[in-house]
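Visitor:
Protein chains: 2
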Amino acid sequence: MSTQLVEANTPLFHLDECRRFIVDCMLAVGTPRPNAEALANILIEADYRGHYSHGMNRIEMYLSEAQNGICKVDASPEILKETPATAWVEGHGGLGVVVGTFGMDLAIEKAKAVGVGLVVCKGSNHYGIAGMYALQAMKKGLLGLSFTNTSPVVAPTRTKHAALGTNPLSLAAPGLNGDSFVLDMATSAVAMGKIEMKNRTNSAIPSQWLDPDTGALHPLGGDESNSSYKGYGLVVLVEILCGILSGGAYGPNIRVLGNFERMADLGHCFIAVDPKCFAPGFEERLSDLMESLRQMPPNDPDKPVLVAGDSERLHMKAVDEAGGIRYIQDQLDTCEKVAQDLNIRPLQPLAK
Amino acid sequence: MSTQLVEANTPLFHLDECRRFIVDCMLAVGTPRPNAEALANILIEADYRGHYSHGMNRIEMYLSEAQNGICKVDASPEILKETPATAWVEGHGGLGVVVGTFGMDLAIEKAKAVGVGLVVCKGSNHYGIAGMYALQAMKKGLLGLSFTNTSPVVAPTRTKHAALGTNPLSLAAPGLNGDSFVLDMATSAVAMGKIEMKNRTNSAIPSQWLDPDTGALHPLGGDESNSSYKGYGLVVLVEILCGILSGGAYGPNIRVLGNFERMADLGHCFIAVDPKCFAPGFEERLSDLMESLRQMPPNDPDKPVLVAGDSERLHMKAVDEAGGIRYIQDQLDTCEKVAQDLNIRPLQPLAK
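The listed protein sequences derive, respectively, from chains A and B.
Numbers given in this note's numbering equal positions in the first sequence, counted from 1, plus 1.
Numbers given in this note's numbering equal positions in the second sequence, counted from 1, plus 1.
If you want it as structure tokens, here you go:
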């Protein structure tokens with residue numbers, strides 16, 4: 002995923018205006034306002050954190066799925082089975098963010114009651130950045146873990162054919178004074194967004210990223226000599242927690258990317274853990290570990306050692322200092338076209 | 002970890018005899034019999050599965066730690082805090098296998114009651130292969146997850162200095178008819194054992210594995226251009242679930258490898274999940290996914306696509322067919338010396 006501020010020669014947009022635009026788009030295709038707002042929040046959070054591939058970039062995909070009826074924008078999730086610590090949820094084809102937020106809310110409630118909550122959802126759609134749900138738990142003082150399966154674009158080790166998704170995982174955990182550890186990663190060598198960026202800029206794609214014949218992504222590691230079977234194992238681990246446990250679509254059964262002819266039926270897994278059930282002082286220890294890592298001598302003085310979440314913090318700081326966000330012209334053209342098609346107010350730049 | 006059957010020109014040893022030898026060794030240094038048997042079981046299970054680095058290879062380490070009193074071979078773990086779904090356990094410096102088995106037993110009991118059990122332990126020692134505990138849950142029809150921290154030998158991305166362990170993670174999940182998915186991996190590019198094997202055979206160590214200046218291992222991925230920050234993130238994820246959550250030693254605070262002057266105070270995390278709390282048919286779906294992966298067209302006809310656990314199954318089959326296991330001569334010399342030092346019956350080969 003991208004963690005660079007887009008430094009295009011384009012206008013600045015206030016984050017509130019970006020959210021307004023997405024809400025208006027989704028209202029225009031029949032989305033109830035709370036669901037439209039939830040989607041706007043997660044897409045603009047992705048852009049704010051520097052994960053442009055998972056933000057405004059996806060607006061046409063969400064609109065197409067809503068218009069096709071492939072995504073039920075007014076569906077509400079339902080609990081199918083429940084214990085004090087677990088729940089199995091049917092998403093009824095609703096927006097991924099609606100299903101995901103519901104699922105993690107349940108996990109949080111259970112973790113508050115018995116220390117850990119594990120919720121598995123099926124019948125869902127693309128849920129945006131995995132980190133959003135992990136952060137949802139972290140904001141309540143918990144550890145949050147979030148997993149989802151995706152359309153098959155990753156080739157298992159030893160074959161060049163895609164059979165599994167980029168299956169991301171995320172862990173967010175609170176440190177002291179607002180510091181935090183936020184890992185949000187595809188278990189493939191890279192996320193699809195990085196490939197798109199290389200293509201957009203006509204840059205060469207490293208051979209460790211994908212198979213040149215089929216375009217299938219490699220798992221984390223790249224090839225077998227570099228332990229790609231571990232990345233492949235992690236891709237399947239996420240699939241087991243999502244598609245296999247939930248009874249939704251899984252692996253090669255998930256519809257291919259860009260196919261809007263059938264429901265995605267994606268699966269997610271959410272785990273919330275209350276650190277108060279274990280050793281006192283969790284936040285102090287985590288901050289101590291993160292500080293000791295950040296202070297290690299870097300190989301290149303211009304590239305300090307980071308912990309997961311630091312790149313995003315740097316990007317958010319840059320957006321805050323600029324007073325808004327920039328998109329590349331191609332994205333702005335898309336927004337313009339969408340506004341015309343839906344007859345809504347175009348995205349308004351900040352006054353200079 | 003090694004998954005090759007050792008094809009040395011050495012005698013065969015029955016697995017029972019290997020276990021007998023380890024039990025006698027540990028009894029000779031004051032270990033209660035049940036604890037000695039638990040250690041023998043896990044070490045020989047490692048060898049049986051082809052993870053030679055974590056088996057008989059470690060006998061001297063366990064003996065030294067027992068003789069120094071750094072590992073309390075007669076200690077019993079204690080529950081410090083508990084909910085219906087979680088427990089925090091003090092290992093009192095006992096054998097890792099004793100603490101780990103206790104921890105996963107508790108997680109299993111809780112998963113049977115409320116669908117998920119999450120147990121975190123501190124005050125422990127090296128617990129052998131992470132997969133053993135995941136398998137412990139799987140044998141009860143559950144999904145098992147197992148994590149541990151280790152002595153710092155891995156360099157975070159952007160520095161060449163070690164600060165974190167190889168922090169393995171394991172997931173075991175049951176399929177149909179005894180089939181299973183068993184991922185058991187260090188989150189570093191490779192486990193320490195692979196480095197030792199390259200050294201033993203005077204082979205070149207790939208540059209993606211470790212830093213040539215310091216010898217610190219790289220995280221999974223290798224270098225930053227190949228997404229090593231994801232491997233680094235996973236190493237820290239495991240550390241958060243183990244050292245940070247448990248209040249034991251963590252990261253750079255853990256004693257360096259081979260230092261027997263202070264307690265290891267390692268942390269482990271165990272999660273058991275009952276698939277019956279979610280969609281019916283878990284085992285059918287997992288077997289279907291595994292079969293579809295195994296049947297994919299391989300790039301090299303001699304190297305079929307595998308799923309995690311297949312290498313170990315092939316190794317166990319080879320051991321079963323041979324009627325026993327072989328060790329390299331260096332290992333047999335060690336066993337001979339240990340038998341003399343402790344005045345116990347030497348390891349007896351099978352009659353030819």
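A virtual CB, placed ideally from N, CA and C, is assigned to each residue, including glycine.
Here's the rule I'm using: 16 or more other beta-carbon atoms within 10 Å means buried, otherwise exposed. How should Glu285 (chain B) be labelled?
Guide: Within the second sequence, the letter at position 284 stands for residue 285 (chain B). Result: exposed.
Visitor: In whole angstroms, give me the CA-to-CA distance for Cys122 (chain B) and Pro175 (chain A).
Guide: The count along the second sequence starts at 1 and reaches residue 122 (chain B) at position 121. The count along the first sequence starts at 1 and reaches residue 175 (chain A) at position 174. If you take the alpha carbons of Cys122 (chain B) and Pro175 (chain A), they lie about 20 angstroms apart.
Visitor: Along the chain, where does the beta strand (DSSP E) containing Phe148 (chain B) start, and where does it finish?
Guide: One-based indexing of the second sequence puts residue 148 (chain B) at position 147. Note, Phe148 (chain B): beta strand (DSSP E), 144-149.
Visitor: Shortest alpha-carbon distance to Pro350 (chain A) belongs to which of A:His269, A:Asp106, A:Asp342, A:Leu333?
Guide: Residue mapping note: residue 350 (chain A) aligns to position 349 of the first sequence, counting from 1. Considering only alpha carbons, the answer is A:Leu333.
Visitor: Check whether the Cβ of Ala1 (chain B) lies closer than 9 angstroms to any Cβ atom in chain A.
Guide: Since the first residue of chain B shown is 2 and the last is 353, residue 1 (chain B) is not available in this structure.
Visitor: Going by DSSP, which residues form a beta bridge with Pro220 (chain A)?
Guide: For the purposes of this step, residue 220 (chain A) is taken as the residue at position 219 of the first sequence. BP columns for Pro220 (chain A) point to A:Ser189.
Visitor: Closer than 7 angstroms by beta-carbon distance: list the chain B residues that pair up with Thr84 (chain A), in chain order.
Guide: For this step, residue 84 (chain A) is matched to residue 83 along the first sequence. By Cβ distance, chain B contributes Val115, Gly116, Cys278.
Visitor: Rounded to the nearest angstrom, what separates Val257 (chain A) and Val98 (chain B) at their Cα positions?
Guide: To locate residue 257 (chain A), count along the first sequence from 1; it is residue 256. To locate residue 98 (chain B), count along the second sequence from 1; it is residue 97. One C-alpha to the other measures close to 44 angstroms.
Visitor: Within 9 angstroms (strictly less), CB to CB, does Ile255 (chain B) reach chain D?
Guide: This model lacks chain D altogether; the protein chains it does include are A and B.
Visitor: Whose C-beta lies closer than 7 angstroms to the C-beta of Val308 (chain B) among residues of the same chain, with five residues either side of it excluded?
Guide: On the second sequence, residue 308 (chain B) is found 307 positions in, with the first residue counted as 1. Taken in chain order, the residues that qualify are Phe182, Met291, Leu294, Arg295.
Visitor: By the criterion of Cβ-Cβ separation under 9 angstroms, what are the contact partners of Pro1 (chain B) in chain A?
Guide: Outside the displayed span of chain B (2 to 353) sits residue 1 (chain B), for which this structure offers no information.
Visitor: Give every residue of the same chain whose Cβ lies closer than 6 angstroms to the Cβ of Leu107 (chain B), excluding the five residues on either side of it in the sequence, and list them in chain order.
Guide: Indexing the second sequence from 1 puts residue 107 (chain B) at position 106. Only Ala88, Val120 meet the Cβ criterion.
Visitor: Any idea what DSSP makes of Val117 (chain B), helix, strand or coil?
Guide: If you number the second sequence from 1, residue 117 (chain B) lands on position 116. In the structure shown, Val117 (chain B) sits in a strand (DSSP, three-state: E or B).
Visitor: Measure the C-alpha to C-alpha separation of Leu146 (chain B) and Gly118 (chain B) and round it to an integer number of angstroms.
Guide: As a first step, residue 146 (chain B) is located in the second sequence; it is residue number 145 there, counting from the start. As a first step, residue 118 (chain B) is located in the second sequence; it is residue number 117 there, counting from the start. Cα-Cα distance, rounded: 10 angstroms.
Visitor: Report the neighbours of Phe182 (chain B) on chain A: residues whose CB is nearer than 7 angstroms to its CB, in chain order.
Guide: What you label residue 182 (chain B) is simply residue 181 of the second sequence in a count that begins at 1. Simply Val237, Ile241.
Visitor: Hey, out of A:Ile245, A:Lys113, A:Gly259, whose CA is closest to Met62 (chain A)'s CA?
Guide: Mapped onto the first sequence, residue 62 (chain A) falls at position 61. Met62 (chain A) has its Cα closest to that of A:Gly259, out of A:Ile245, A:Lys113, A:Gly259.
Visitor: Within this structure, are the beta carbons of Gly223 (chain A) and Cys243 (chain A) separated by less than 9 angstroms?
Guide: On the first sequence, position 222 is the one that residue 223 (chain A) refers to. On the first sequence, position 242 is the one that residue 243 (chain A) refers to. Not closer than 9 angstroms, so no.
Visitor: Using the beta-carbon of each residue, which ones in chain B are nearer than 9 angstroms to Met186 (chain A)?
Guide: Numbered from 1 along the first sequence, position 185 holds the residue referred to as residue 186 (chain A). Here the neighbours are Ser228, Tyr230, Lys231, Gly234, Leu235.
Visitor: Could you give the C-beta distance for His93 (chain A) and Ala76 (chain A), rounded to a whole number, given that I count them as a contact under 8 angstroms?
Guide: Numbered from 1 along the first sequence, position 92 holds the residue referred to as residue 93 (chain A). Numbered from 1 along the first sequence, position 75 holds the residue referred to as residue 76 (chain A). The pair is a contact, with the Cβ atoms about 4 angstroms apart (cut-off 8 angstroms).
Visitor: In chain B, which residues lie less than 8 angstroms from Asn168 (chain A) when you measure between Cβ atoms?
Guide: Counted from its first residue, the first sequence places residue 168 (chain A) at position 167. Going along chain B, no residue has its Cβ under 8 angstroms from Asn168 (chain A), so there is no contact; the nearest lies around 12 angstroms.
Visitor: By Cβ distance below 6 angstroms, which residues in the same chain neighbour Thr32 (chain A) in space, the five residues on each side in sequence not counted?
Guide: For the purposes of this step, residue 32 (chain A) is taken as the residue at position 31 of the first sequence. The answer, listed in chain order, is Val74.
Visitor: State yes or no: is the C-beta of Thr167 (chain A) within less than 9 angstroms of the C-beta of Thr188 (chain A)?
Guide: Taking the first sequence and counting its residues from 1, the one referred to as residue 167 (chain A) is at position 166. Taking the first sequence and counting its residues from 1, the one referred to as residue 188 (chain A) is at position 187. It is a contact, given that the beta carbons lie within the stated cut-off.
Visitor: Consider the C-beta atom of Asp17 (chain A) and the heavy atoms of the ligand MN; say whether any pair is separated by less than 8 angstroms.
Guide: Summarising the ligand content, the structure contains no ligands, and the ligand MN is consequently not present.
Visitor: For Gln137 (chain B), does the count of other Cβ atoms within 10 angstroms reach 16, so buried, or fall short, so exposed?
Guide: Along the second sequence, one-based indexing puts residue 137 (chain B) at 136. With 16 or more Cβ atoms within 10 Å of its Cβ, Gln137 (chain B) is classed as buried.
Visitor: Which bits of chain A does Ala173 (chain B) rub up against, with CB to CB less than 9 angstroms?
Guide: Here residue 173 (chain B) corresponds to residue number 172 of the second sequence, with the count starting at 1. Per Cβ cutoff of 9 angstroms: no residues; Ala173 (chain B) is ~10 angstroms from chain A at best.
Visitor: Over what stretch of residues does the beta strand (DSSP E) that includes Thr87 (chain B) continue unbroken?
Guide: Taking the first residue of the second sequence as position 1, residue 87 (chain B) is located at position 86. Its beta strand (DSSP E) spans residues 87-91.
Visitor: Restricting to runs no shorter than 4 residues, where is the alpha helix (DSSP H) found entirely within the region 212-272 of chain A?
Guide: 229-240
Visitor: Secondary structure at Ile345 (chain B), three-state DSSP: helix, strand or coil?
Guide: Position 344 of the second sequence holds residue 345 (chain B). Coil, per DSSP.
Visitor: Counting only beta-carbon atoms, is Asn126 (chain B) nearer than 9 angstroms to chain A?
Guide: Taking the first residue of the second sequence as 1, we reach residue 126 (chain B) at position 125. Chain A contact via Cβ: absent.
Visitor: Can you tell me where the beta strand (DSSP E) with Pro157 (chain B) in it begins and where it stops?
Guide: Within the second sequence, the letter at position 156 stands for residue 157 (chain B). Per DSSP, Pro157 (chain B) belongs to no beta strand (DSSP E) and is neither H nor E.
Visitor: Return the chain-ordered list of same chain residues with a C-beta closer than 8 angstroms to the C-beta of Tyr251 (chain A), the five sequence neighbours on each side being excluded.
Guide: Locating residue 251 (chain A) in the first sequence gives position 250, where the first residue counts as 1. Correct list, in chain order: Asn150, Glu240, Cys243, Gly244, Ile245, Gly268.
Visitor: Assuming Lys49 (chain B) and Gly101 (chain B) form a contact by the criterion Cβ under 8 angstroms, report the distance between their Cβ atoms to the nearest whole angstrom.
Guide: The residue you call residue 49 (chain B) lines up with position 48 of the second sequence. The residue you call residue 101 (chain B) lines up with position 100 of the second sequence. Before going on, a small fix: residue 49 (chain B) reads as Tyr here, not Lys. Between Gly101 (chain B) and Tyr49 (chain B) the Cβ distance is about 18 angstroms, and since that is not below 8 angstroms, they are no contact.
Visitor: Does any residue of chain A bring its CB to less than 9 angstroms from the CB of Ser147 (chain B)?
Guide: Counting from 1 along the second sequence, the entry for residue 147 (chain B) is found at position 146. Not an interface residue.
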